[in-house]
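Enquirer:
2 protein chains.
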Amino acid sequence: MWAFVIDQFVLEDQASLFVGDLAIQRGYGVFDFFKVVNFVPVFLDEHLDRFYFSAKEMRLKLAYSKDELKKIIFELLEKNHVSDTGVRITLTGGYSQDGYQLSNPNLIISLRSFNPPPENQLAKSIKLITYEHQRQLPHVKTIDYLMAIWLQPIVKQHSADDILYHQNGIVSECPRSNFFIVTNSNKIITPSKNILKGVIRTKLIEAAVTKYEVEERELSISEIKNAKEAFITSTTKSVLPIHQIDEYVFPKENKVTALLYLLLEHSQFLQTQKV
Amino acid sequence: MWAFVIDQFVLEDQASLFVGDLAIQRGYGVFDFFKVVNFVPVFLDEHLDRFYFSAKEMRLKLAYSKDELKKIIFELLEKNHVSDTGVRITLTGGYSQDGYQLSNPNLIISLRSFNPPPENQLAKSIKLITYEHQRQLPHVKTIDYLMAIWLQPIVKQHSADDILYHQNGIVSECPRSNFFIVTNSNKIITPSKNILKGVIRTKLIEAAVTKYEVEERELSISEIKNAKEAFITSTTKSVLPIHQIDEYVFPKENKVTALLYLLLEHSQFLQTQKV
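Protein chains in written order, with the working numbering: chain A, 7 to 281; chain B, 7 to 281.
Structure representation (structure tokens):
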């Protein structure tokens with residue numbers, strides 16, 4: 007498998023960074039991740055826009071324009087001959103002289119296959135546990151997943167699938183996905199602050215407003231536990247229903263979630279048929 | 007220059023990790039850093055104890071016992087023929103299959119020269135600015151310096167040298183050093199909670215209690231701004247006086263800080279003359 011590291015295409019066994027890189031030394035970097043379906047990168051512009059935004063927020067200057075980066079991505083996909091995959095673009099703090107000051111960032115583009123949502127995605131559902139934590143610089147897609155990975159044993163201990171972060175009872179997001187509820191009056195509510203604005207979150211809201219009232223606002227744990235449905239959104243998971251949060255079990259029906267899932271899949275389907 | 011990566015000694019141009027490592031992917035890792043003076047690693051046992059503690063807290067299992075690791079460190083120093091240097095030991099989340107689950111950790115030991123405190127260290131002093139932030143998992147020496155590096159332009163903008171973190175007005179630590187004040191009644195006070203317990207912090211307290219009353223407890227910004235002296239401690243900086251925090255300028259004399267500096271240097275001197 008080919009990857010692209012710093013300024014060249016390399017085979018996997020050459021895809022490495024020197025240990026002086028600021029990601030390894032100081033956990034400093036940003037990334038983005040998008041799907042390729044049927045040879046078409048899904049929502050590529052949205053992901054690249056966010057990637058450049060993340061880089062700028064962290065003062066990491068990309069050596070390539072958006073168009074140049076796209077060209078590299080397409081060349082990489084071609085070299086690897088895969089129709090369906092995930093693509094991860096990472097930009098690190100670079101090789102720092104003193105292990106602290108930022109340097110020229112290092113770019114990595116690598117393919118990572120992932121399990122697409124199964125046919126019976128809607129029949130699946132997950133359990134979340136709430137945990138008090140606020141990600142640092144939440145509006146930026148940094149590589150900081152220290153707490154999320156550190157919390158894995160606690161997730162398992164509760165027979166849960168993932169974490170829902172909150173601060174003082176106000177929920178924000180899951181470590182790798184955005185969070186939504188559906189109220190008894192079919193209102194869609196999703197947190198607006200202290201979150202990473204997911205590409206699929208935006209797409210879901212765009213689809214949802216055609217059918218429902220959507221509110222982006224502060225959302226408390228107690229409000230969640232009066233909701234009719236709840237779900238998460240992400241690039242890899244699309245829309246995934248939640249059946250339980252802490253001790254609260256949601257009613258079994260997921261009608262609104264199911265419709266939103268179909269609307270979203272449809273918009274993705276349209277995109278991948280463009281070419 | 008030689009380094010040690012995973013399980014072997016390698017030259018600098020081979021000291022690299024594949025991009026799938028969890029430090030690069032997810033900012034997941036721990037480290038420690040100690041000085042070598044006159045061929046003697048200073049406070050090596052204390053640093054290794056903390057390194058193993060950090061690793062355990064992050065569920066990273068070292069392949070080497072403490073004695074084996076020491077042997078590798080001494081062999082590395084010998085191979086590099088340097089009498090005075092810094093040594094950094096890093097342990098990352100390893101090459102994860104799915105880019106999220108922990109794997110066998112990757113060990114890196116590398117030398118990093120640093121400027122030792124100058125002869126006139128006490129004549130130097132620094133300015134801090136306070137900033138509201140709490141490091142995640144503060145008791146562990148993780149590689150997470152995202153905020154510290156991100157804040158550098160704000161430090162410069164205030165013509166300051168470093169940051170003093172606080173939460174709701176209760177101070178904790180600087181990104182790479184511990185914080186102390188000296189009250190008007192010559193009491194030494196240092197924060198006790200939400201901090202990384204520095205090796206030099208411990209050594210300083212051990213030295214200070216022979217001369218002064220020392221309190222490890224909650225410390226507020228307003229209390230700081232009534233103090234007579236303030237200083238930071240770290241492996242690279244030893245004891246460094248502070249002349250200003252935000253707008254508050256400390257009185258010019260640093261008598262207590264100076265004595266503590268001398269006591270600490272003496273204890274380090276004794277250690278490096280042991281062999």
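Backbone N, C-alpha and C fix where the C-beta goes; we use that ideal spot for every residue, glycine too.
All values derive from a computational prediction rather than experimental measurement.
Just how far apart, CA to CA, sit His53 (chain A) and Ala154 (chain B)?
Expert: The residue labelled residue 53 (chain A) in the question sits at position 47 within the first sequence. The residue labelled residue 154 (chain B) in the question sits at position 148 within the second sequence. The straight-line gap from Cα to Cα measures roughly 27 Å.
Enquirer: My output table needs one value for Pro247 (chain A): the three-state DSSP class, helix, strand or coil.
Expert: One-based indexing of the first sequence puts residue 247 (chain A) at position 241. Three-state result, Pro247 (chain A): strand.
Enquirer: To the nearest angstrom, report how far apart Glu224 (chain A) and Leu202 (chain A) are at their CA atoms.
Expert: The count along the first sequence starts at 1 and reaches residue 224 (chain A) at position 218. The count along the first sequence starts at 1 and reaches residue 202 (chain A) at position 196. Those two C-alpha atoms are separated by around 14 Å.
Enquirer: Once the 5 residues before and after Lys130 (chain A) are set aside, which same chain residues still bring their CB inside 8 Å of it?
Expert: Looking up residue 130 (chain A) in the first sequence gives position 124. Cβ within range, chain order: Pro124, Leu246, Pro247.
Enquirer: Starting from the beta carbon of Arg118 (chain B), find every residue of chain A whose beta carbon is closer than 7 Å, and list them in chain order.
Expert: Position 112 of the second sequence holds residue 118 (chain B). For Arg118 (chain B), the chain A residues whose Cβ falls inside 7 Å of its Cβ are Gly105, in order along the chain.
Enquirer: On a Cα-Cα basis, can you pick out the residue from A:Ile114, A:Tyr106, A:Glu179 that is closest to Leu134 (chain A)?
Expert: In the first sequence, the residue the question calls residue 134 (chain A) occupies position 128. Selected option, being the one with the closest Cα: A:Glu179.
Enquirer: Please confirm if the region 82-98 of chain B is in contact with the region 33-46 of chain B, defined as three or more CB-CB distances below 8 Å between the two stretches.
Expert: yes
Enquirer: Would you please state the rounded distance, in angstroms, between the beta carbons of Tyr58 (chain A) and Leu68 (chain A)? I believe it to be under 8 Å.
Expert: In the first sequence, counting from the first residue as 1, residue 58 (chain A) sits at position 52. In the first sequence, counting from the first residue as 1, residue 68 (chain A) sits at position 62. Sure, about 7 Å apart at Cβ, within 8 Å.
Enquirer: Gly100 (chain B) touches chain A at which residues, Cβ-Cβ below 8 Å?
Expert: Taking the first residue of the second sequence as 1, we reach residue 100 (chain B) at position 94. Residues of chain A passing the Cβ test: none, with the nearest at roughly 11 Å.
Enquirer: So with Cβ pairs under 8 Å, would you call Arg32 (chain B) a contact of chain A?
Expert: Residue mapping note: residue 32 (chain B) aligns to position 26 of the second sequence, counting from 1. Output row for Arg32 (chain B): interface = yes.
Enquirer: Report the option in A:Glu229, A:Ser191, A:Glu253, A:Phe10 whose CA atom is closest to the CA atom of Lys217 (chain A).
Expert: Taking the first residue of the first sequence as 1, we reach residue 217 (chain A) at position 211. The residue with the shortest Cα to Cα distance from Lys217 (chain A) is A:Ser191.
Enquirer: With a cut-off of 8 Å, does the C-beta of Ser22 (chain B) fall near any C-beta of chain A?
Expert: Locating residue 22 (chain B) in the second sequence gives position 16, counting from the first residue. So yes, Ser22 (chain B) belongs to the interface.
Enquirer: Please compile the residues from chain A whose C-beta is within a distance smaller than 8 Å of the C-beta of Ala9 (chain B).
Expert: Here residue 9 (chain B) refers to the residue found at position 3 when the second sequence is read from its first residue. Ordered by position in chain A, the residues that pass the 8 Å Cβ test against Ala9 (chain B) are Val25.
Enquirer: Using a C-beta cutoff of 8 Å, does Tyr151 (chain B) count as contacting chain A?
Expert: Here residue 151 (chain B) refers to the residue found at position 145 when the second sequence is read from its first residue. Closer than 8 Å: yes.
Enquirer: Specify the secondary structure class of Ser183 (chain A) as computed by DSSP and reduced to three states.
Expert: Locating residue 183 (chain A) in the first sequence gives position 177, where the first residue counts as 1. Strand, per DSSP.
Enquirer: Report, in whole angstroms, the separation of the C-beta atoms of Leu128 (chain A) and Tyr34 (chain A), which I expect to be a contact under 8 Å.
Expert: Here residue 128 (chain A) refers to the residue found at position 122 when the first sequence is read from its first residue. Here residue 34 (chain A) refers to the residue found at position 28 when the first sequence is read from its first residue. Between Tyr34 (chain A) and Leu128 (chain A) the Cβ distance is about 39 Å, and since that is not below 8 Å, they are no contact.
Enquirer: Exposed or buried, His172 (chain B), counting other C-beta atoms within 10 Å across all chains shown (16 or more means buried)?
Expert: As a position in the second sequence, residue 172 (chain B) is number 166, starting the count at 1. With 16 or more Cβ atoms within 10 Å of its Cβ, His172 (chain B) is classed as buried.
Enquirer: Using a Cβ-Cβ cutoff of 8 Å, what residues of the region 138-150 of chain A are near chain B? List them in chain order.
Expert: His139, Gln142, Leu143, Thr148, Ile149, Asp150
Enquirer: For the alpha helix (DSSP H) that contains Tyr261 (chain B), what are its first and last residues?
Expert: The residue labelled residue 261 (chain B) in the question sits at position 255 within the second sequence. Before going further, note that residue 261 (chain B) is Lys rather than Tyr in the sequence given. Unbroken alpha helix (DSSP H) run through Lys261 (chain B): 261-278.
Enquirer: For Val262 (chain B), which residues from the same chain have a beta carbon less than 8 Å from its beta carbon, with the 5 sequence-adjacent residues on both sides left out?
Expert: The sequence position of residue 262 (chain B) within the second sequence is 256, counting from 1. The residues are Val188, Asn192, Ile194, Tyr218, Lys234, Glu235.
Enquirer: Once DSSP output is grouped into helix, strand and coil, what is the label at His164 (chain B)?
Expert: As a first step, residue 164 (chain B) is located in the second sequence; it is residue number 158 there, counting from the start. Coil at His164 (chain B), not helix or strand.
Enquirer: Going by other Cβ atoms of all chains shown within 10 Å of its Cβ, with 16 needed for buried, is Tyr151 (chain A) buried or exposed?
Expert: As a working mapping, residue 151 (chain A) is identified with position 145 in the first sequence. Burial call: buried.
Enquirer: What are the partner residues of Leu170 (chain A), as DSSP defines its beta bridges?
Expert: In the first sequence, residue 170 (chain A) corresponds to position 164, counting from 1. Residue pairing by DSSP places Leu170 (chain A) opposite A:Thr136 in a beta bridge.
Enquirer: For Phe10 (chain B), which of B:Asp55, B:Asp38, B:Arg65, B:Thr96 has the nearest alpha-carbon?
Expert: Translated into the one-based positions of the second sequence, residue 10 (chain B) becomes position 4. For Phe10 (chain B), the nearest C-alpha among the options comes from B:Thr96.
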